[in-house]
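Numbering (my numbering), first residue to last: 99 to 334.
Cβ coordinates follow ideal geometry from the N, Cα and C atoms, glycine included.
Written below as structure tokens is the structure these notes are about.
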């Protein structure tokens, strides 16, 4: 599993005004490709290492937090892990990544593949007695990446907010610095055919499958609550 083909920029209808944005996206996409394909692909790679089990969430610890004002844990509450952890306790796993023909920027399957990057529900999860909504950073990043894909393949997106795009560019830059992946990478991916001459590297990653399990648990809990209280949940 590895980075998709290099981003081919296009000129939006307001061509000249959008040029700086296109240059930024082209630069950022090269740096982000490995990170975000990791997020998109690790579900299939890692979910087999951890089955979905509702009962393993530490319910008593979770209920002890109000999730009001600043009473929020540093990390997203995970299955099997204490909610008061001050360091990320998700287990480390080795994952091999290669070039891929998936997650192309513009083909018959790309829209569905990018849509499925974000798990059940949406970017946010609900916590506490008031079911307060939170965005989780990893899904926030995927949301931004999906927005870039939508802008790339569409000539005109009604209601597009360029401030939102600018936010995403800076947000992803910050997350790259936070991740600080130091994996050595060999070769020139532009010189290879991803369908025939794949090449990649082994990375040490957090167990992203566990994150998906926890997000799924939270989403179905929220669905049950919404149904019991006649709350309409908008489509994803």
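Closest Cα partner of residue i within the set the options
i: residue 299; options: 238, 281, 321; result: 281
i: residue 271; options: 215, 331, 235; result: 235
i: residue 307; options: 169, 330, 189, 166; result: 189
i: residue 192; options: 269, 301, 267, 240; result: 301
i: residue 197; options: 305, 284, 277; result: 284
i: residue 269; options: 214, 246, 195, 310; result: 246
i: residue 241; options: 168, 214, 305; result: 214
i: residue 278; options: 303, 263, 267, 261; result: 303
i: residue 227; options: 195, 216, 169, 251; result: 169
i: residue 314; options: 244, 222, 276, 263; result: 222
i: residue 216; options: 326, 328, 309, 263; result: 309
Residue span of the alpha helix (DSSP H) that contains residue i, given as start and end
i: residue 326; result: 306 to 326
i: residue 259; result: Looking at the DSSP string, residue 259 is not in any alpha helix (DSSP H), and its letter there is neither H nor E.
i: residue 209; result: 208 to 213
DSSP beta-bridge partners of residue i
i: residue 223; result: 232
i: residue 301; result: 193
With 16 other Cβ atoms within 10 Å as the buried cut-off, status of residue i
i: residue 249; result: buried
i: residue 164; result: exposed
i: residue 320; result: buried
i: residue 266; result: buried
i: residue 305; result: buried
Own chain residues within Cβ distance below 8 Å of residue i, not counting five before or after
i: residue 330; result: 324
i: residue 224; result: 230, 231, 232, 316, 319, 320, 323
i: residue 125; result: Per-residue confidence for residue 125 stands at a pLDDT of 43, beneath the threshold of 50, marking its modelled position as unreliable; the derived number appears in the next sentence. If we look at residue 125 and ignore the five residues flanking it on each side, it has no Cβ neighbours.
Residue i CB to nearest heavy atom of the ligand FMN below 6 Å
i: residue 263; result: Ligands in the displayed structure: none, and consequently the ligand FMN is not present.
Same chain only: Cβ atoms within 6 Å of residue i, ignoring 5 sequence neighbours per side
i: residue 151; result: Low local confidence applies: a pLDDT of 34 at residue 151 is under 50, so the model's placement there is unreliable, with the coordinate-based value given in what follows. Answer for residue 151: no residue qualifies.
i: residue 212; result: 244, 247
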